[in-house]
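Counted from 1, the sequence shown has number 1050 at position 105 by the numbering used here; the numbering is strictly sequential.
What follows is a set of notes on a single structure, which appears directly below.
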Amino acid sequence: MFERFRFLFRVLAHRRDFEDGMTEELSFHIEQYTEELIQSGLSPAEAARRARIEFGGRNSIERDCREARGLHMFDELGRQLRYAYRLLRKTPGFTITALLTLSVCLGANLTIFAVINSILLRPLPFPESDRLVTIFNLFGSDSPPLAA
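Okay, here's the thing in structure tokens:
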């Protein structure tokens, strides 16, 4: 799994090189196929047209290559974040309300956790606090329980 993250980081860091290399390689394969078609007897214009038809749209091939390399997820995330930013910028009232709601909820959660942590999760501030017990008598008088 660590290798996969390292691979993705390397691809993202050298994204421009990947895109340039992919474009060059695709052009090379289309040219090679065009040459093969010319050698088989087609005119250069017809061979180039058939090569483009055989390979399909350049955009679809590049999209498939990006998906195979794992870049589609990052492209989609970037598009979604830009779209969300545009929507939030268009409606400032909603944006302020949403941010205030999130901040109040986060503050409430942090406060509740701090209280529960200090009361329930941390040990009591006594020596050997795990040995504190309460002793009481079930049989007999109504006297209050004795603490040890």
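The C-beta atom is built at its ideal place from N, Cα and C for all residues, glycine as well.
Taking Cβ to Cβ, would you say residue i is nearer than 8 Å to residue j?
i	j	result
Ala958	Thr979	no
Ile1006	Leu971	yes
For residue i, does the three-state DSSP call read helix, strand or coil?
i	result
Thr1036	coil
At the level of alpha carbons, what is the spacing between residue i and residue j?
i	j	result
Ala990	Ala1029	45 Å
Gly1038	Phe947	43 Å
Leu1032	Leu982	50 Å
Thr1040	Val1049	14 Å
Glu976	Leu1045	58 Å
Phe1081	Asp1075	18 Å
Gly1023	Phe963	18 Å
Gln984	Met967	26 Å
Ala1013	His974	18 Å
Phe1071	Thr1056	25 Å
Thr1042	Gln1025	21 Å
Glu1073	Arg960	59 Å
Could you check if residue i is buried or exposed, using at least 16 other CB atoms within 10 Å of its CB as the buried criterion?
i	result
Ala1053	exposed
Ala996	buried
Ala1003	Checking the sequence, you will find Arg at residue 1003 rather than Ala. Arg1003 comes out exposed.
Arg1011	buried
Below 8 Å on the Cβ atoms is my contact criterion, and I expect residue i with residue j to pass it. Report the Cβ-Cβ distance as a whole number of Å.
i	j	result
Leu919	Leu1077	Residue 919 lies beyond the range of the chain shown here (946 to 1093); nothing can be said about it.
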